[in-house]
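Here the structure is laid out as structure tokens; the discussion comes afterwards.
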Amino acid sequence: MLRKCSHNLPTPIALTKQSAAALLRSCSGSPDQLKQLHSVLLTTGLSVKNSLLTGLLVALINLGDFRYARKLFDGMHKPRVFLWNTLIRGYSKNEMPVESVSLYKQMASLGVRPDEFTHPFVLKACSDLPEPWAGCAVHAHVVKHGLEFFTEVRNELMIMCAKFGDVGSADYLFGSMIERDLVAWNAFIATCVQVGHASRALTLFREMGPAGIRPDAVTVVGVLSACGQLGCLETGEKIYEYARSEGIVIGSSNMIVENARLDMYMKCGSTGKARSLFNQMPHRNVITWSTMIVGYATNGDSEQALALFSKMQNSGPSPNHVTYLGALLACAHAGLVEQGRAFFNAMVRSRSKDIQPRKEHYACMVDMLGRAGNLEEAYEFITSMPTEPDSGVWGALLGACAIHKNVKLGQVAADKLFLLAPEVASYQVLLSNMYASGGRWGSVDRLRLRIRKKGIKKVMGYSTVEFNGEIHVFYRGDRSHPQARNIYQKLEELYAKMKGFGYIQEVGSVYHDVEVEEKEAMTSVHSEKLAIAFTLVINEVPESPIRVIKNLRTCEDCHNFCKFVSRISMREIVMRDKSRFHHFRDGTCSCKDFW
DNA sequence: ATAGGGTTAG
Numbered sequence: 001m002l003r004k005c006s007h008n009l010p011t012p013i014a015l016t017k018q019s020a021a022a023l024l025r026s027c028s029g030s031p032d033q034l035k036q037l038h039s040v041l042l043t044t045g046l047s048v049k050n051s052l053l054t055g056l057l058v059a060l061i062n063l064g065d066f067r068y069a070r071k072l073f074d075g076m077h078k079p080r081v082f083l084w085n086t087l088i089r090g091y092s093k094n095e096m097p098v099e100s101v102s103l104y105k106q107m108a109s110l111g112v113r114p115d116e117f118t119h120p121f122v123l124k125a126c127s128d129l130p131e132p133w134a135g136c137a138v139h140a141h142v143v144k145h146g147l148e149f150f151t152e153v154r155n156e157l158m159i160m161c162a163k164f165g166d167v168g169s170a171d172y173l174f175g176s177m178i179e180r181d182l183v184a185w186n187a188f189i190a191t192c193v194q195v196g197h198a199s200r201a202l203t204l205f206r207e208m209g210p211a212g213i214r215p216d217a218v219t220v221v222g223v224l225s226a227c228g229q230l231g232c233l234e235t236g237e238k239i240y241e242y243a244r245s246e247g248i249v250i251g252s253s254n255m256i257v258e259n260a261r262l263d264m265y266m267k268c269g270s271t272g273k274a275r276s277l278f279n280q281m282p283h284r285n286v287i288t289w290s291t292m293i294v295g296y297a298t299n300g301d302s303e304q305a306l307a308l309f310s311k312m313q314n315s316g317p318s319p320n321h322v323t324y325l326g327a328l329l330a331c332a333h334a335g336l337v338e339q340g341r342a343f344f345n346a347m348v349r350s351r352s353k354d355i356q357p358r359k360e361h362y363a364c365m366v367d368m369l370g371r372a373g374n375l376e377e378a379y380e381f382i383t384s385m386p387t388e389p390d391s392g393v394w395g396a397l398l399g400a401c402a403i404h405k406n407v408k409l410g411q412v413a414a415d416k417l418f419l420l421a422p423e424v425a426s427y428q429v430l431l432s433n434m435y436a437s438g439g440r441w442g443s444v445d446r447l448r449l450r451i452r453k454k455g456i457k458k459v460m461g462y463s464t465v466e467f468n469g470e471i472h473v474f475y476r477g478d479r480s481h482p483q484a485r486n487i488y489q490k491l492e493e494l495y496a497k498m499k500g501f502g503y504i505q506e507v508g509s510v511y512h513d514v515e516v517e518e519k520e521a522m523t524s525v526h527s528e529k530l531a532i533a534f535t536l537v538i539n540e541v542p543e544s545p546i547r548v549i550k551n552l553r554t555c556e557d558c559h560n561f562c563k564f565v566s567r568i569s570m571r572e573i574v575m576r577d578k579s580r581f582h583h584f585r586d587g588t589c590s591c592k593d594f595w
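FYI, the numbering for the first sequence is 1 to 595, going by the UniProt record's numbering.
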């Protein structure tokens with residue numbers, strides 16, 4: 001490599017300081033070229049001053065050769081703040097937050113005074129770290145140096161707070177901003193979506209105009225993402241059309257916007273709309289393909305997911321770890337154990353670091369094996385993991401044990417989960433359900449006591465439906481909706497009709513040690529049933545699908561209920577639960593009762 | 001010579 005480019009470089013004699021600087025500016029080819037230039041400079045006897053070295057360093061960093069850059073940097077006498085900044089930024093932009101933060105630490109301990117450019121970089125690195133402590137320390141520095149009023153610094157502080165779950169502080173930082181510019185709005189909207197406050201993001205979007213800020217394409221991406229999370233298809237499409245008509249996005253030129261749209265369609269269960277958009281897109285990257293594959297997999301169309309995956313391997317970009325997760329999900333949902341194993345082995349064999357199996361791939365495999373009934377193999381799979389299994393992996397095993405009613409192995413998983421994720425109620429609920437289905441009421445009571453002692457709160461289940469751009473929320477047994485009377489009347493009607501078609505209420509999933517009538521009463525008013533009844537009341541257009549989003553997983557009886565309703569009302573029901581979609585059509589579900 | 005915000009999985 002060195003020899004190859006050596007003839008492009010001038011001989012040492014011809015080189016002056018000016019020509020060296022000019023050469024450096026034009027030398028954006030390869031790090032090797034730059035390194036050679038450096039050694040040439042050293043042989044010239046020219047005094048290689050900081051200014052020249054700085055140029056060299058910047059070029060190296062921009063090319064991503066941090067090792068050589070760092071060597072140069074460490075050899076420099078009192079590098080200027082600008083150089084510290086550049087290196088800190090380089091690390092943070094190239095997913096090396098640890099290096100970025102430790103360089104900042106070094107800077108601080110040497111007494112180099114940071115300027116207003118330093119903190120946005122290092123704060124970004126701090127928010128990429130798994131723990132918030134470094135960020136807190138840097139925050140203190142920001143205040144110490146009196147830099148917290150720079151908009152850029154404030155934005156990064158806000159994002160960091162939001163990423164570590166401190167939405168209150170993020171909110172405060174946004175609200176108290178003196179100059180709230182477009183970037184601040186976009187950052188806050190995006191963080192709202194990331195922490196799961198999608199409806200807040202939509203509210204913010206509506207406030208932008210009155211506040212005198214014109215949204216741009218970045219805003220649109222955030223808002224489309226919010227619509228996906230909420231399952232608001234109508235709203236999402238309206239916002240996209242608005243953005244087109246306002247010239248905020250032009251055609252399909254912005255791939256990120258199109259990807260966000262694609263994802264929104266998939267998250268709303270509209271695989272058809274997603275596919276036709278995909279077919280029309282002028283440019284597709286790995287995210288485009290992954291979004292499609294994951295989308296198909298979660299929507300229960302494993303065939304399409306796997307077909308696209310092989311199409312991608314033939315004529316698309318290289319798959320990454322997310323794409324493979326999509327392929328594994330497709331296998332897990334379709335019960336294609338052999339195919340799934342093959343994908344997993346391909347990942348292990350791959351030389352690319354980017355597609356080595358991660359924890360979520362292991363969790364997916366455990367789910368797949370466990371669901372197919374190979375519980376022992378799933379357990380062995382966990383013990384063979386190169387890294388410490390996390391709650392996702394044990395949770396997958398517990399879920400499979402619940403399906404196959406294997407209390408013994410389920411207990412093993414639950415014990416791990418009690419240590420790894422004591423605050424997640426759903427795991428304890430699963431265990432409790434397993435005890436209950438085995439009639440072990442004593443164990444159920446002991447577990448309940450333990451849950452109460454620890455103060456673990458169950459997440460309340462709810463379902464949402466979008467109608468005319470508004471979101472309607474329902475809880476179990478909820479009567480607060482203005483249409484409550486009509487909804488319950490509709491529900492009665494449905495039950496009466498369904499019973500004629502052979503519907504029998506399945507109460508097993510409730511797993512409470514209460515009288516049968518009471519169980520039945522609770523099951524019959526689950527939130528998803530109310531949401532469906534509501535949609536039937538207000539929207540009688542036969543060909544429009546009923547779209548319901550549920551925050552937890554749906555129970556067996558509701559699943560059965562949906563099948564019957566789809567049949568007797570001739571309406572398609574698209575239900576997104578916590579982990580996947582169910583498309584009900586004419587009495588059957590896309591998940592083939594395998595979920 | 002350096003500035004902050006955006007899309008996929010869990």
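All residues carry an ideal CB built from backbone N, CA and C; glycine is no exception.
These figures come from a predicted structure and were not determined experimentally.
For Gln313 and Tyr265, the gap between their C-alpha atoms comes out near 24 Å. Annotation note: the stretch 157-224 contains no uninterrupted beta strand (DSSP E) run of length 3 or greater.
Within the model, the alpha-carbon separation for Ile568 versus Arg440 is close to 38 Å. Between Glu572 and Phe564, the gap from beta carbon to beta carbon reaches 8 Å or more.
For a cut-off of 8 Å, the C-beta gap from Leu230 to Ser199 is around 6 Å, short enough to register as a contact. For Glu237, DSSP assigns no beta-bridge partner whatsoever. For Lys144, the uninterrupted alpha helix (DSSP H) segment begins and ends at 133-144. Within the same chain, Cβ atoms closer than 7 Å to the Cβ of Val257 are found at Ala217, Val220, Val221, Val249, the five residues on either side in sequence being excluded.
DSSP places Ser253 outside both helix and strand once states are collapsed to three, so it counts as coil. Under the Cβ criterion (8 Å, minimum of three pairs), the stretch 229-246 does not count as touching the stretch 274-291.
Around the CB of Met575, 16 or more other CB atoms lie within 10 Å, so the residue is classed as buried. The beta carbon of Tyr296 sits closer than 6 Å to the beta carbons of Gln304, Ala305 from its chain, once the five residues preceding and following it are set aside; these are given in chain order. Residue pairing by DSSP places Lys550 opposite Ser463 in a beta bridge. Going by C-alpha positions, Leu430 is about 15 Å away from Lys578. Taking the CA atoms as reference points, Val393 sits about 9 Å from Met365. Considering only His333, Ala334, Gly335, Tyr362, the residue with the shortest C-alpha distance to Asn345 is Tyr362. The beta carbon of Phe343 lies closer than 7 Å to those of Tyr324, Ala327, Leu328, Cys331 in the same chain, with the five residues before and after it left out. Cβ neighbours of Met292 within its own chain (closer than 6 Å, five residues either side excluded): Phe278, Leu308. DSSP places Tyr503 outside both helix and strand once states are collapsed to three, so it counts as coil.
Looking at the DSSP output, Thr588 shares a beta bridge with Arg585. Looking only at Glu506, Lys458, Phe73, the smallest Cα-Cα distance to Leu552 is reached by Lys458.
The closest CA to that of Asn299, considering only Gly316, Gly272, Thr523, Glu556, is found on Gly272. Cβ-Cβ distances below 8 Å link Glu466 to Leu230, Gly231, Cys232, Leu233, Glu234, Thr235, His472, Arg547 in the same chain, with the five nearest sequence neighbours on each side left out; the list follows chain order. The residues Met570, Arg571, in chain order, have a CB closer than 8 Å to that of Pro542 in the same chain once the five nearest residues on each side in sequence are set aside. Here Trp133 is exposed: its Cβ has fewer than 16 other Cβ atoms, across all protein chains shown, within 10 Å. Nearest to Ala425 by C-alpha distance, out of Pro215, Gly251, Gly461, Leu57, is Gly461.
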